[in-house]
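**Student:**
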Amino acid sequence: MTQISNSPKSIFMSFERIQEKLKILADAAKYDVSCASSGSKRSNINKGLGDATGMGICHSYTEDGRCVSLLKILLTNYCIFDCAYCVTRKSNDIKRAAFQVQEVVDLTINFYRRNYIEGLFLSSGIFKSADYTMERLVAVAKKLRLEENFNGYIHLKSIPGASDELMKEAGLYADRLSVNIEIPTKEGLKLLAPEKNREDFIKPMLKVKNEIIQYQSEKKIIKSTPTFAPAGQSTQMIIGASGESDQQIMWTSNYFYKKFNLKRVYYSGYIPISHDPRLPQIGTDVPMLRENRLYQTDWLMRFYGFEVHEILNNEHQNLDLDVDPKLGWALRNMAHFPVDVNKADKFMLARIPGLGMKSVHKILQARQFRNLNWDHLKLMGVALNRAKYFLVCDSRDFERRDLTGPQLKSIILQNTTSKYQNILSPQLNLFG
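Heads up: the sequence shown begins at 4 in our numbering, then just goes up one per residue.
Below you can see the structure in the form of structure tokens.
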């Protein structure tokens, strides 16, 4: 039997090997933006390690504004697929590495004990097969929960094509599961990743959705029923790699939100990484502003009552980069304005540019006691530099109402400074 050396030289070499793996696999994980821990309520039990209640990951922010961190790595960057948009594709000449299951467990626990992290975000390239890879991801989470009594946040990336049995087991140990659909449309996926099948992405999502519903139903009857993926599931898509319009992207998001009860859809601007005629050239700007506009549209759909067809349609297939999507909608629908803040319902108040949902609720509460004027709205935090053109209140002072949408847009832009003002995104027009 071969004996393991415990000499200082052996320990140092082992440390160097782990450190090199960590450098490679942490760097490879940076392209995955679907990091968020909101919704998990796993509490610390049995004097274990960590507490996922209200915690977050990857220097993300929780709902109460706290900044939190996560060990975000790949299990391996070896992959059997050759997706044109992926840095870990099998044809790419890069350094490869793979963690053993126990190495990831040890790293997580050691980093946690040193207060470097509050959880784990674990993804992987696909090596050998989907099930072979998913088994190892599940094994990491299982060891952390059962052997290390770790109660911190765990986000596992589900492997497309993994079996229902493995997805069910994953949900018992992870707080959140996510399958990246990668490209917004079937046609785009076929163009850039012809070896992959869209149905392989759908299958694990459907299984997780059904298991969440079943476990939640059982828990209402049997309180001891374990939680299943308490933070739900999410997905991510790459923006700007395959030529889809914003309209196509948001209809895809809408489908996944409604069909699979997703917590979040993440949008990742494509970073050119290869000389491939199917993709934007290396050196092309990452579409950061477009990505931001898509997130704003996503927010309007989830929290403001907007439907996709109101913001994007055949006449307006791409979002206006100059103004946010709510302002863009208002400028195209001037007939709905001005809105009387002392009379309008919640639905219409939420459509006034410059009013967030917190301001809407403040208005609904405050106007029970008195009519509101400009001073009241300003104290509530309403962005009057935009809102003043779209509302009336208890005041004789008002802005001009005889402006067309384009005229009003010009006035607002002249008085607005955006952090994205100097960003251009040529990727938007590459496939036009």
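Even glycine gets a Cβ: it sits at the ideal position worked out from N, Cα and C.
Since we're looking at a predicted model, the values are computed, not measured.
1) Do Ile314 and Tyr270 have their beta-carbon atoms positioned less than 8 Å apart in this structure?
2) With distances taken between CB atoms, is the gap from Ile112 to Phe153 smaller than 8 Å?
3) Taking the alpha-carbon of Asp176 as reference, which of Leu123, Val326, Thr407 has the nearest alpha-carbon?
4) Could you check whether Ser127 and Leu140 sit closer than 8 Å to each other, using their CB atoms as the reference points?
5) For a quick check, are the C-beta atoms of Val385 and Ser362 less than 8 Å apart?
6) Would Met253 be called buried (16 or more neighbouring beta carbons within 10 Å of its own) or exposed?
7) For the segment 73-87 against the segment 97-111, are there 3 or more C-beta pairs whose distance is under 8 Å?
8) On the DSSP bridge assignment, give the partners of Ser362 in chain order.
9) Give me the residue from Trp377, Gln251, Met137, Leu192 with the minimum Cα distance to Leu125.
10) Using 8 Å as the threshold, is the C-beta distance between Arg281 and Leu195 below it?
11) Does DSSP classify Tyr273 as helix, strand or coil?
12) Measuring only the C-alpha atoms, how far is Phe231 from Lys206?
13) Keeping to the same chain, check which residues put their C-beta closer than 6 Å to that of Asn257; ignore five residues upstream and five downstream.
14) Which residues in the same chain as Gly51 place their Cβ atom closer than 7 Å to its Cβ, once the five residues preceding and following it in sequence are excluded?
15) Suppose you measure from the CA of Ile415 to the CA of Ile83; what does that come to, to the nearest Å?
16) Taking Ala100 and Glu19 to be in contact with their CB atoms under 8 Å, please state how far apart those CB atoms are, rounded to whole angstroms.
17) If the criterion is Cβ atoms closer than 8 Å, does the pair Ala144 and Leu159 meet it?
18) Is DSSP giving Ala101 helix, strand or coil here?
19) With a cut-off of 8 Å on the beta carbons, I'd call Val344 and Leu382 a contact; round off their distance for me.
20) On the three-state DSSP scale, how would you describe Tyr3?
21) Is the Cβ-Cβ distance between Gln320 and Gln250 less than 8 Å?
22) Checking 8 Å against the spacing of the C-beta atoms, do Val342 and Phe393 come in under that value?
23) In terms of residues, what are the limits of the alpha helix (DSSP H) holding Tyr135?
24) Gly357: buried (16+ other C-beta within 10 angstroms of its C-beta) or exposed?
25) Beta carbon of Ala244, beta carbon of Tyr307: below 8 Å?
26) Along the chain, where does the beta strand (DSSP E) containing Arg179 start, and where does it finish?
27) Fully enclosed by the segment 274-356, which alpha helix (DSSP H) runs are 4 residues long or longer?
28) Among Leu209, Asn388, Phe204, whose alpha-carbon lies nearest the alpha-carbon of Asn418?
29) Would you mind giving the Cβ-Cβ distance between Leu169 and Asp134, rounded to the nearest angstrom? I have them listed as a contact below 8 Å.
30) Which value, in whole angstroms, describes the spacing of the CA atoms of Ala29 and Asp35?
31) Kindly list the residues whose CB is nearer than 8 Å to the CB of Ala390, restricted to its own chain and excluding five residues on each side of it in sequence; keep chain order.
32) Evaluate Met240 with the Cβ neighbour count: other Cβ atoms within 10 Å of its Cβ, from every protein chain shown; 16 or more gives buried, anything less gives exposed.
33) Name the residue from Glu221, Ala333, Leu25, Ile285 whose alpha carbon lies nearest to the alpha carbon of Leu303.
34) Which two residues bound the contiguous beta strand (DSSP E) that contains Gly122?
35) What is the DSSP secondary structure of Glu185, counted as helix, strand or coil?
36) Residues in the same chain with beta-carbon distance under 7 Å from Arg370, minus the five sequence neighbours each way, listed in chain order, please.
**Tutor:** According to the structure data:
1) Locating residue 270 in the sequence shown gives position 267, where the first residue counts as 1. Locating residue 314 in the sequence shown gives position 311, where the first residue counts as 1. The answer is no: Cβ separation not under 8 Å.
2) Here residue 112 is taken as the residue at index 109 of the sequence shown, counted from 1. Here residue 153 is taken as the residue at index 150 of the sequence shown, counted from 1. Cβ atoms of Ile112 and Phe153: closer than 8 Å.
3) In the sequence shown, counting from the first residue as 1, residue 176 sits at position 173. The sequence shown places Tyr at residue 176, not Asp. Of the candidates Leu123, Val326, Thr407, the one whose C-alpha sits nearest the C-alpha of Tyr176 is Leu123.
4) On the sequence shown, position 137 is the one that residue 140 refers to. On the sequence shown, position 124 is the one that residue 127 refers to. Yes, these two residues count as a Cβ contact at 8 Å.
5) Position 382 of the sequence shown holds residue 385. Position 359 of the sequence shown holds residue 362. Cβ atoms of Val385 and Ser362: closer than 8 Å.
6) On the sequence shown, position 250 is the one that residue 253 refers to. Burial call: buried.
7) yes
8) On the sequence shown, residue 362 is found 359 positions in, with the first residue counted as 1. None, per the DSSP bridge assignment.
9) The residue labelled residue 125 in the question sits at position 122 within the sequence shown. That would be Met137, whose Cα lies nearest to the Cα of Leu125.
10) As a first step, residue 281 is located in the sequence shown; it is residue number 278 there, counting from the start. As a first step, residue 195 is located in the sequence shown; it is residue number 192 there, counting from the start. Yes; because the gap between Cβ atoms is below 8 Å, this pair is in contact.
11) As a position in the sequence shown, residue 273 is number 270, starting the count at 1. Three-state DSSP puts Tyr273 in coil, outside helix and strand.
12) Position 228 of the sequence shown holds residue 231. Position 203 of the sequence shown holds residue 206. Approximately 17 Å, taken between the alpha carbons.
13) Taking the sequence shown and counting its residues from 1, the one referred to as residue 257 is at position 254. Answer for Asn257: Val311, listed in chain order.
14) Along the sequence shown, one-based indexing puts residue 51 at 48. Its pLDDT being 49, under 50, Gly51 is placed unreliably in this model, and the value from its coordinates should be taken loosely. Cβ neighbours of Gly51 beyond the five flanking positions: Asn152, Phe153, Asn154.
15) Counted from its first residue, the sequence shown places residue 415 at position 412. Counted from its first residue, the sequence shown places residue 83 at position 80. Those two C-alpha atoms are separated by around 51 Å.
16) Residue mapping note: residue 100 aligns to position 97 of the sequence shown, counting from 1. Residue mapping note: residue 19 aligns to position 16 of the sequence shown, counting from 1. Not quite, the Cβ-Cβ distance comes to about 13 Å (not below 8 Å), so this is no contact.
17) For this step, residue 144 is matched to residue 141 along the sequence shown. For this step, residue 159 is matched to residue 156 along the sequence shown. For Ala144 and Leu159, yes; Cβs fall inside 8 Å.
18) Position 98 of the sequence shown, counted from the first residue, corresponds to residue 101. The answer is strand: DSSP assigns Ala101 an E or B state.
19) Reading the sequence shown from its first residue, position 341 is the one you call residue 344. Reading the sequence shown from its first residue, position 379 is the one you call residue 382. 13 Å between Cβ atoms; not a contact.
20) A query on residue 3 cannot be resolved here, the shown segment of the chain reaching from 4 to 435 and no further.
21) Your numbering for residue 320 matches position 317 in the sequence shown. Your numbering for residue 250 matches position 247 in the sequence shown. Yes, these two residues count as a Cβ contact at 8 Å.
22) As a working mapping, residue 342 is identified with position 339 in the sequence shown. As a working mapping, residue 393 is identified with position 390 in the sequence shown. Yes, the pair counts as a contact, with Cβ atoms nearer than the cut-off.
23) For the purposes of this step, residue 135 is identified with residue 132 of the sequence shown, where counting begins at 1. Tyr135 -> alpha helix (DSSP H) spans 133-149.
24) The residue you call residue 357 lines up with position 354 of the sequence shown. Counting Cβ neighbours within 10 Å, Gly357 comes out buried, since at least 16 surround it.
25) Locating residue 244 in the sequence shown gives position 241, where the first residue counts as 1. Locating residue 307 in the sequence shown gives position 304, where the first residue counts as 1. No, these two residues do not count as a Cβ contact at 8 Å.
26) For the purposes of this step, residue 179 is taken as the residue at position 176 of the sequence shown. Unbroken beta strand (DSSP E) run through Arg179: 179-181.
27) 291-306, 311-314, 328-335, 349-352
28) Stepping through the sequence shown from its first residue, residue 418 is reached at position 415. Closest by alpha carbon: Asn388.
29) Walking along the sequence shown from the start, residue 169 turns up at place 166. Walking along the sequence shown from the start, residue 134 turns up at place 131. With 8 Å as the limit, Leu169 and Asp134 qualify as a contact, their Cβ atoms being about 6 Å apart.
30) Looking up residue 29 in the sequence shown gives position 26. Looking up residue 35 in the sequence shown gives position 32. For Ala29 and Asp35, the distance between alpha carbons rounds to 11 Å.
31) Mapped onto the sequence shown, residue 390 falls at position 387. So the list reads Ile355, Pro356, Gly357, Leu358, Leu380, once near-sequence residues are dropped.
32) For this step, residue 240 is matched to residue 237 along the sequence shown. Under this definition Met240 is a buried residue.
33) Counted from its first residue, the sequence shown places residue 303 at position 300. That would be Ala333, whose Cα lies nearest to the Cα of Leu303.
34) Against the sequence shown, residue 122 aligns to sequence position 119. Looking at the DSSP string, the run of the beta strand (DSSP E) that includes Gly122 is 122-126.
35) Numbered from 1 along the sequence shown, position 182 holds the residue referred to as residue 185. Glu185: strand per DSSP, three-state reduction.
36) In the sequence shown, counting from the first residue as 1, residue 370 sits at position 367. If we look at Arg370 and ignore the five residues flanking it on each side, its Cβ neighbours are Asn345.
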